[in-house]
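Residue numbers for the sequence shown follow the UniProt record's numbering, so the first one is 1 and each next one is one higher.
Okay, structure first, notes after.
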Amino acid sequence: MSTSSEEDATTYQVVVNAEEQYSIWPADRELPAGWSATGPSGAKAECLAWIEDHWTDMRPLSLRQAMDEGASDE
1 MSTSSEEDAT TYQVVVNAEE QYSIWPADRE LPAGWSATGP SGAKAECLAW IEDHWTDMRP
61 LSLRQAMDEG ASDE
């Protein structure tokens with residue numbers, strides 16, 4: 001099995017979990033528990049570029065919410 005991205009013919013799907021964290025997953029495989037398809041499917045580079053454009057805050061959703069609640073308590 002080759003690990004070279006130049007030779008990677010795998011079609012990937014952009015996936016997201018409940019914490020709004022993104023990843024890619026081979027499109028021909030069943031998604032792992034807790035993840036759902038979102039965004040495009042296609043070449044690895046295309047999917048990673050979409051994630052880079054859309055995942056602008058790396059903090060998990062629960063942390064963002066807790067920080068927002070803390071800011072409103074001040």
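For every residue, glycine included, the Cβ atom is placed at its ideal position computed from N, Cα and C.
Here the structure is a predicted model, which is why all the values come from computation and not from measurement.
Cutoff 8 Å; reference residue i; Cβ partners in own chain excluding five residues on either side
i     : result
Arg59 : Met67
Ser62 : Glu19
Pro26 : Thr10, Thr11, Tyr12 and Gln13
Trp35 : Val15, Val16, Asn17, Ser23 and Trp25
Distance CB(residue i)-CB(residue j) smaller than 7 Å
i     : j     : result
Val15 : Ala33 : no
Residue i versus residue j - alpha carbon distance
i     : j     : result
Ala71 : Pro40 : 35 Å
Ile51 : Glu69 : 27 Å
Secondary structure of residue i, DSSP reduced to three states
i     : result
Gly34 : coil
Gln13 : strand
Chain-order list of residues whose beta-carbon lies under 7 Å from that of residue i (same chain, five-residue window excluded)
i     : result
Leu31 : Val15, Trp25 and Ala37
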